[in-house]
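**Q** Take a look at this one; I'll ask things after.
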Amino acid sequence: MKLGKLAAITLAAAMAAGTLMGCSSGNSGGNAGGEQKTTQAGETTASGETQAAEGKGQIYYLNFKPEVADIWTELAEKYTAETGVPMKVQTAAAGTYEQTLKSEVAKKEPPTLFQINGPIGYKSWSKYTRNLKDTAIYSHLVDKDMAVTDGDGVYGIPYVVEGYGIIYNDAIMQKYFALDGAKAKSMDEVNNFDTLKAVAEDMQARKAELGIEGVFASTSFAPGEDWRWQTHLANLPVYYEYKDGNVADKDALDFTYSDNYKNIFDLYINNSCTDSKMVGAKTVEDSMADFALGKAAMVQNGNWGWGQVSGVEGNTVKEEDVRFLPIYTGVSGEEKQGLCIGTENFFSINSQAKEEDQQASIDFLEWLFTSDTGKDYVTNKLGFIAPFDTFAAEEKPTDPLAKEIDRYMNNSDLYSVTWNFTSFPSQTFKDNFGASLLQYAQGGKEWTAVVEDMKADWANEKAMTK
79 MKLGKLAAIT LAAAMAAGTL MGCSSGNSGG NAGGEQKTTQ AGETTASGET
129 QAAEGKGQIY YLNFKPEVAD IWTELAEKYT AETGVPMKVQ TAAAGTYEQT
179 LKSEVAKKEP PTLFQINGPI GYKSWSKYTR NLKDTAIYSH LVDKDMAVTD
229 GDGVYGIPYV VEGYGIIYND AIMQKYFALD GAKAKSMDEV NNFDTLKAVA
279 EDMQARKAEL GIEGVFASTS FAPGEDWRWQ THLANLPVYY EYKDGNVADK
329 DALDFTYSDN YKNIFDLYIN NSCTDSKMVG AKTVEDSMAD FALGKAAMVQ
379 NGNWGWGQVS GVEGNTVKEE DVRFLPIYTG VSGEEKQGLC IGTENFFSIN
429 SQAKEEDQQA SIDFLEWLFT SDTGKDYVTN KLGFIAPFDT FAAEEKPTDP
479 LAKEIDRYMN NSDLYSVTWN FTSFPSQTFK DNFGASLLQY AQGGKEWTAV
529 VEDMKADWAN EKAMTK
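Using my numbering, you'd call the opening residue of the sequence shown number 79 and step up by one each time.
Shown next as structure tokens:
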């Protein structure tokens with residue numbers, strides 16, 4: 079299913095990944111590993127509490143994406159310098175956002191600006207979300223159907239459109255295609271799982287000739303680092319099951335496409351830089367470094383991952399060689415499948431915060447997506463594909479993965495895989511699934527048990543949300 083209106087308008091008017099951090103990730107998707115970081119701008123009392131400029135309120139943003147923590151810190155300082163409004167940013171460590179938010183909202187000065195994970199996240203945080211229907215930032219949203227709503231109210235505003243797939247180094251792929259007996263002669267031929275598998279396994283067997291340590295970068299399963307598998311990769315079988323039933327959610331998942339999930343997961347762990355028994359110690363940062371240093375030809379991640387690749391010391395991958403490939407799993411007709419494109423990132427304003435702080439946070443969002451300074455950060459530093467009509471055609475990211483998202487979204491011959499993981503029942507469900515996948519990867523659990531446990535956890539966690 080194409081993004082239609084959003085693809086036609088947003089990408090024509092504006093382009094602005096991860097790590098999810100996203101993603102991944104995080105509690106759902108676009109998130110890479112990272113430590114908590116806090117910045118406070120403005121005057122500070124002896125006790126360390128930030129003092130708001132008189133009558134202007136103050137902002138406390140709890141950031142979801144560790145991979146862009148330093149940029150948010152810089153952005154907060156820039157905003158305070160321009161407006162005089164104090165702004166504090168704290169970044170939750172990977173996989174701990176919900177837990178951190180629960181802790182922070184109970185404090186004397188709670189976050190005034192935070193993130194919810196779509197409709198499921200709204201159910202958990204509806205008490206703390208202000209109605210944003212009458213705000214200027216909502217009026218600028220290109221496709222208002224993307225917002226998180228309840229009745230006539232608007233409680234979560236999407237701030238980025240992202241995409242993920244298999245990132246590949248085209249220089250390594252061209253080297254492989256030139257070898258005698260290569261299983262394909264160009265990436266155009268790699269448009270289904272069978273071909274991808276044949277190519278990957280042949281490359282793994284000839285890794286010495288290619289100068290790589292494995293076809294795929296490390297499969298990360300260190301604590302909090304498994305979001306690429308329990309959320310992003312899991313989105314594909316859920317997407318196809320929903321599509322078959324013409325639904326947007328299910329109380330009980332059949333996991334009809336479990337074998338398709340196993341296809342690609344096995345391909346990753348069996349043709350990697352890292353032995354499958356060692357994946358429990360690997361982080362997303364390790365995985366992206368494998369790719370950046372030329373140790374691996376491919377890595378599953380989103381467009382937010384470009385900053386991680388380009389920022390690795392000793393990076394050997396040229397910008398023009400960084401490309402995207404859809405995640406093929408063996409589904410019928412997948413030759414027409416594109417990237418996984420959507421959002422799980424929704425800004426919400428804390429309705430329990432002081433009124434002046436709520437307004438200060440709303441004003442900040444308007445500044446971020448309408449001012450020249452804010453838009454420059456959104457596009458060129460955060461690398462967001464922003465879904466607002468305030469971005470002109472020339473105000474779009476120029477990094478290679480953002481351009482790849484644009485290329486795929488505007489290919490009318492392909493359908494995008496929508497982000498259905500915002501319907502996943504809970505973080506507990508995802509954590510349990512990730513733990514099962516790790517056991518399977520290390521040889522301690524049969525696949526049939528992984529499937530049955532996943533289905534049971536889905537049903538149990540869904541029942542708890544009723």
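Heads up, the beta-carbon is just placed ideally off N, CA and C, and yes, glycines get one too.
Got a sec? Which residues, its chain only, sit under 6 Å from Ser449 by beta carbon, not counting five neighbours each side?
**A** Excluding sequence neighbours, Ser449 sits near nothing in its chain.
**Q** Along the chain, where does the beta strand (DSSP E) that runs through Val377 open and close?
**A** Its beta strand (DSSP E) spans residues 374-380.
**Q** Our contact map puts Ser350 next to Ser296 with C-beta atoms below 8 Å; I'd like the distance itself, whole angstroms only.
**A** Rounded, the Cβ-Cβ distance is 6 Å, consistent with contact.
**Q** Would Gly512 and Asp344 be called neighbours here (beta carbons separated by less than 8 Å)?
**A** For Gly512 and Asp344, no; Cβs fall outside 8 Å.
**Q** With a CB to CB cut of under 7 Å and the five nearest residues on each side skipped, what residues in its chain are close to Glu465?
**A** Looking at the sequence provided, one finds Pro at residue 465 rather than Glu. Once the five neighbours on either side are set aside, the close Cβ partners of Pro465 are Leu84, Thr88, Leu219, Val220, Asp221, Met224, Pro236, Val239.
**Q** Going by DSSP in three states, Pro236 sits in which element: helix, strand or coil?
**A** Pro236 falls in the strand class under three-state DSSP.
**Q** Using 8 Å for Cβ pairs, my map puts Glu319 next to Leu311. What's the rounded Cβ distance?
**A** The pair is not a contact, with the Cβ atoms about 14 Å apart (cut-off 8 Å).
**Q** How would you call Gly302, buried or exposed, if buried means at least 16 neighbouring beta carbons within 10 angstroms?
**A** That one is buried.
**Q** In chain order, what are the residue ranges of uninterrupted beta strand (DSSP E) at least 3 long that sit wholly in the stretch 436-464?
**A** Complete beta strand (DSSP E) runs here, min 3: none at all.
**Q** Should the stretch 423-439 be called in touch with the stretch 325-339, which here means at least 3 C-beta pairs below 8 Å?
**A** Result no; under three Cβ-Cβ pairs closer than 8 Å.
**Q** Roughly how many whole angstroms lie between the Cα atoms of Gln437 and Gln136?
**A** Distance between the alpha carbons of Gln437 and Gln136 is about 9 Å.
**Q** Asn338: which of Val357, Val163, Glu267, Asn313 sits nearest, CA to CA?
**A** Per the Cα distances, Asn313.
**Q** By the 10 Å Cβ neighbour count, where 16 or more other Cβ atoms means buried, how is Ser217 classified, buried or exposed?
**A** Exposed is the call here.
**Q** What does a CB cutoff of less than 6 Å around Ile194 pick up in its chain, not counting 5 residues either side in sequence?
**A** Taken in chain order, the residues that qualify are Tyr200, Trp203, Gly234, Phe424, Ser426.
**Q** Which of helix, strand or coil does DSSP assign to Gln430?
**A** Coil at Gln430, not helix or strand.
**Q** Can you list, in chain order, the residues of its chain whose CB lies under 7 Å from that of Lys459, leaving out five sequence neighbours each side?
**A** Closer than 7 Å at the Cβ level, and outside the excluded window around Lys459, lie Ile149.
**Q** Between which two residues does the alpha helix (DSSP H) carrying Tyr518 extend?
**A** Residues 505-519.
**Q** Relative to the C-alpha of Thr468, which candidate in Phe447, Tyr157, Thr394 has its C-alpha closest?
**A** Checking every option, the nearest Cα to that of Thr468 belongs to Phe447.
**Q** Tell me, to the nearest whole angstrom, how far the beta carbon of Thr500 is from that of Pro197; I am working on the premise that it is less than 8 Å.
**A** Rounded, the Cβ-Cβ distance is 7 Å, consistent with contact.
**Q** Identify which residue in Val409, Ala375, Asp364, Gly408 has its Cα closest to the Cα of Gly389.
**A** Looking at the Cα atoms, Asp364 is the closest of the given residues.
**Q** Please report the straight-line C-alpha distance between Asp272 and Leu179, rounded to a whole angstrom.
**A** Computed Cα separation, rounded: 43 Å.
**Q** Strictly by DSSP, which residues pair up with Gly243?
**A** Asn379.
**Q** Counting C-beta neighbours from all protein chains within 10 Å, is the total for Lys544 16 or more, i.e. buried, or is it exposed?
**A** Classification for Lys544: exposed.
**Q** Just reading off the alpha helix (DSSP H) that Lys156 is part of, what are its end residues?
**A** Its alpha helix (DSSP H) spans residues 147-161.
**Q** To which residues of the same chain is Thr394 closer than 8 Å at the C-beta, ignoring the five residues directly before and after it?
**A** Result list for Thr394: Ala370, Leu371, Gly372, in chain order.
**Q** In whole angstroms, give me the CA-to-CA distance for Ala431 and Ala527.
**A** Cα to Cα, Ala431 sits roughly 46 Å from Ala527.
**Q** Please list the segments of the beta strand (DSSP E) lying wholly inside the stretch 264-300, counting only runs of 3 or more residues, in order along the chain.
**A** Runs found: 292-294.
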